[in-house]
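Shown next, in structure tokens, is the structure this report addresses.
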Amino acid sequence: MGCIEHTEQLAQVSGGALKPYQVDGAKWLMQKWSQGKSAVLADEMGMGKTIQTIAFLLTAYRSTIDQNAESNSGTFPFLVVVPTTLVANWAQEFQVWGPELVVAELSGRAASRDLQLEHTLFRRSKGRRDLKCHVVLTSYEALNHPTACSAMRSITWQSIVVDEGHRLKNDQTKTFQTLQQFSSRMRLVLTGTPLQNQLSELHSVMSFVDPCMFTSSDVFSIDTPEQIEQTKNMVRPYILRRTKAELPKLVPPRHELILPVSMTRLQRELYRATLSRNVQVLRDISAALQATGDMSDTLEETTKGQLRSDMTVKQTKKPRVSSLNNILMEVRKIVSHPYCLPDVEPEFPNDHERHTRLIDACGKLKLLHVLLPELKSRGHRVLLFAQFKDTLSILEDYLGGESIGCVRIDGDTPAADRQSRVSAFNAPGSSAMVFLASTRTGGLGLNLTSADVVIIYDCDFNPHADLQAMARAHRIGQTKPVYVF
358 MGCIEHTEQL AQVSGGALKP YQVDGAKWLM QKWSQGKSAV LADEMGMGKT IQTIAFLLTA
418 YRSTIDQNAE SNSGTFPFLV VVPTTLVANW AQEFQVWGPE LVVAELSGRA ASRDLQLEHT
478 LFRRSKGRRD LKCHVVLTSY EALNHPTACS AMRSITWQSI VVDEGHRLKN DQTKTFQTLQ
538 QFSSRMRLVL TGTPLQNQLS ELHSVMSFVD PCMFTSSDVF SIDTPEQIEQ TKNMVRPYIL
598 RRTKAELPKL VPPRHELILP VSMTRLQREL YRATLSRNVQ VLRDISAALQ ATGDMSDTLE
658 ETTKGQLRSD MTVKQTKKPR VSSLNNILME VRKIVSHPYC LPDVEPEFPN DHERHTRLID
718 ACGKLKLLHV LLPELKSRGH RVLLFAQFKD TLSILEDYLG GESIGCVRID GDTPAADRQS
778 RVSAFNAPGS SAMVFLASTR TGGLGLNLTS ADVVIIYDCD FNPHADLQAM ARAHRIGQTK
838 PVYVF
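Quick note: the sequence shown uses our numbering, first residue 358, plus one each step.
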């Protein structure tokens, strides 16, 4: 049977009916797959790219099944590559939307992966090693290890799905070069932010999708309106993107409020002391800017640490990159909470005094201390994102002192525990009012629609990371307006 005959099943997957635009998206993917063409599904964050992908994989699997035959064999295998944080979430979504597909995970520590390769993924028969599953669900991190990479590279896949595909924005990374070696009928990249900072990043993604078409980054050199139109025409057949603005009834509105905050006296003193202690480094930076005449390049080079610390600018002493990064990190921590710095928090006679001083030491926490009780009284639930684990610990300490229940996820949370903590927070009757997370860990792919308030305690240098965090609550399944502070 042809794949087109199966598309009516898309709206009847196990987890429930897909929305019309999701059916269209899955059909579009099915069409690309049937033509042997690769694609980028770039719907805005929170619109159900995972569900559309599972519906597509299920339909592709069913495309060779004859319902009237006694013996059927579906089309497979498929490889799904996701960040470690999302492995459990994807596994759960497969159970809901595609239980017909046998999914095997390849993730966790090295010992676990070895056992998975030996017993869960493959069967040995007459000297051959055949897959025991329809879908292999793995992480970027797992594929960077030689044993897993070699095993996955030996298979010709029907489709390779890469979630959070903006991880491919640098074609020089080990992850990119590893995935580029894999053979498949179709490559599918999922990303809510196909273009973040530079066109070169989009070129890297597109060169993974179609290495033959996008061989040189020169095709993304845009100097004239004609070149802009030419680039759009090259990319357009590969990308499907819909936004919430195009479907206003899809989710309730999102309201963003910027709340100004002043530093406390302690923060101001620490801030000034940091700058005073590093006057010479700052003078060197100023001299370097004047010597090069290009502020943006110098700042980018130094803040990102892309230069060697011993490099110099002609006739000007180049400040050490590590020194600049240390200054920047120190002032960021002061603004987040001064107790993030060592030896700043004094000893206190009792817990009450310590809790009071914890709040009074930081302007942001003083504002949060006013905001959270008001939100609690109105029945709101909160996602609270911060940049530093030290800040998360301070916020967790504060919430405990206020008897406000919370669930926490950060980079140290074992991957196996992350989805269970999300489920605990989302569970009906959960006592946790606040979901506390680091932006880069908790802001990717998780479904936290039981919350209707998002607080970005520390802004990320990349605004797309904050948008990802907001989309944890503002997504399909949300029934209330979402407020972002």
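Note that beta-carbon positions come from the ideal geometry of N, C-alpha and C, so glycine has one too. This one's a predicted model, so the numbers in the text were calculated from it and none came from an experiment.
Exercise. Across which residues does DSSP place ASP774 in a beta bridge pair?
Worked result: Its beta-bridge partners do not exist; DSSP assigns none.
For this session: Below 8 Å CB to CB, which residues in the same chain sit around THR660 once its five sequence neighbours on both sides are set aside?
Result: Residue placement at THR660 is flagged as unreliable, the pLDDT there being 41, under the threshold of 50; the coordinate-derived value follows with that caveat. The residues are LEU681, ASN682, LEU685.
Exercise. What's the C-alpha gap between ALA417 and ASP487?
Worked result: 20 Å
For this session: Could you tell me if GLY393 is buried or exposed, where buried requires 16 or more neighbouring beta carbons within 10 angstroms of its beta carbon?
Result: exposed
Exercise. Among residues of its own chain, excluding the 5 on either side of VAL688, which ones have a beta-carbon nearer than 7 Å to its beta-carbon?
Worked result: TYR628, THR631
For this session: Select from LEU436, GLY465, SER511, LEU545 the residue whose C-alpha is nearest the C-alpha of VAL397.
Result: LEU545
Problem set entry | Proximity below 9 Å, CB of LEU756 to CB of ILE812 | Taking 9 Å as the Cβ cut-off, LEU756 and ILE812 do not qualify as a contacting pair.
Exercise. Just how far apart, CA to CA, sit LYS589 and LEU597?
Worked result: CA-CA distance, LYS589 to LEU597, rounds to 13 Å.
For this session: For my contact list, ALA445 and ARG775 are in at a C-beta cut-off of 8 Å; report their separation, rounded to the angstrom.
Result: 6 Å
Problem set entry | Beta-carbon proximity list for LEU478, same chain, < 8 Å, skipping 5 on both sides | ALA461, LEU463, LEU488, LYS489, CYS490, VAL493, ALA508
Problem set entry | Reduced DSSP secondary structure (H/G/I, E/B, other) of ILE517 | strand
Problem set entry | Distance, TYR378 Cα to SER693 Cα | 41 Å
Exercise. How about VAL791: is its C-beta nearer than 9 Å to some C-beta of chain D?
Worked result: Absent from the structure: chain D. Only one protein chain is present.
Exercise. What residue from HIS831, LEU375, LEU472 has the CA that sits closest to GLY455's CA?
Worked result: LEU375
Problem set entry | Proximity below 9 Å, CB of THR572 to CB of SER541 | no
Problem set entry | Segment contact flag, the region 776-784 with the region 714-734, C-beta cutoff 8 Å, min 3 pairs | The region 776-784 vs the region 714-734: no contact.
Problem set entry | Per DSSP, the bridge partner or partners of ILE596 | VAL397
Exercise. For the putative contact between LEU805 and ASN783, defined by C-beta atoms under 8 Å, what is the C-beta separation to the nearest angstrom?
Worked result: 7 Å
Exercise. Just how far apart, CA to CA, sit GLN538 and ARG510?
Worked result: For GLN538 and ARG510, the gap between their C-alpha atoms comes out near 7 Å.
Exercise. Would you call the CB atoms of ASP737 and GLY403 closer than 9 Å?
Worked result: A small fix is needed here, since residue 737 is His in this sequence, not Asp. No, the pair does not count as a contact, with Cβ atoms beyond the cut-off.
Exercise. Secondary structure at TYR845, three-state DSSP: helix, strand or coil?
Worked result: In the structure displayed, the chain extends from 358 to 842; residue 845 sits before or after that span and is not available.
Exercise. Can you tell me where the alpha helix (DSSP H) with GLU710 in it begins and where it stops?
Worked result: 708-717
Exercise. Where does ASN425 land, buried or exposed, given buried means 16+ other C-beta within 10 angstroms?
Worked result: Only weak support is given to the placement of ASN425: the predicted model assigns it a pLDDT of 48, under 50, and the value that follows is read from those uncertain coordinates. Flag for ASN425 reads exposed.
For this session: Thinking LEU386 and VAL438 are a contact (beta carbons under 8 Å), I'd like their distance in whole angstroms, please.
Result: With a Cβ gap of about 16 Å, LEU386 and VAL438 do not count as contacting.
Problem set entry | Exposure label - ARG524; buried when at least 16 CB within 10 Å | ARG524 is buried by the Cβ-count criterion.
Exercise. How would you label GLN584, buried or exposed, when you count the other beta carbons within 10 angstroms and need 16 or more for buried?
Worked result: Exposure of GLN584 is indicated by the presence of fewer than 16 other C-beta atoms within 10 angstroms of its C-beta.
Exercise. Apart from the five residues just before and just after ARG711, which ones in its own chain have a Cβ nearer than 7 Å to its Cβ?
Worked result: PHE705
Problem set entry | Cβ pair GLN515, PHE435 closer than 9 Å | The Cβ-Cβ distance between GLN515 and PHE435 falls below 9 Å.
Exercise. Considering only the beta carbon of each residue, do LEU752 and GLU521 sit closer than 9 Å?
Worked result: Cβ atoms of LEU752 and GLU521: not closer than 9 Å.
Exercise. What first and last residue would you give for the beta strand (DSSP E) that runs through ALA743?
Worked result: Residue range 739-743 is occupied by the beta strand (DSSP E) that includes ALA743.
For this session: Mark ASP654 as exposed unless 16 or more other C-beta atoms lie within 10 angstroms of its C-beta, in which case mark it buried.
Result: In this prediction, ASP654 has a pLDDT of 44, which is less than 50 and means its spatial position is unreliable; nothing more can be read from the coordinates.
For this session: Per DSSP, which residues does ILE761 bridge with? Please list them.
Result: Note: ILE761 sits in no beta bridge, so no partner.
For this session: Kindly indicate the opening and closing residues of the alpha helix (DSSP H) around THR796.
Result: 796-799
Exercise. Just the Cα atoms here: how many angstroms apart are GLY359 and ARG735?
Worked result: Residue placement at GLY359 is poorly supported in this model, since its pLDDT is 37, which falls under 50; the coordinates still yield a value, given next. If you take the alpha carbons of GLY359 and ARG735, they lie about 54 Å apart.
Exercise. Which residues bound the beta strand (DSSP E) around ARG544?
Worked result: 544-547
Problem set entry | Beta-carbon proximity of LEU716 to GLN624, cut-off 9 Å | Note that residue 716 is Ile in the sequence shown, not Leu. Not closer than 9 Å, so no.
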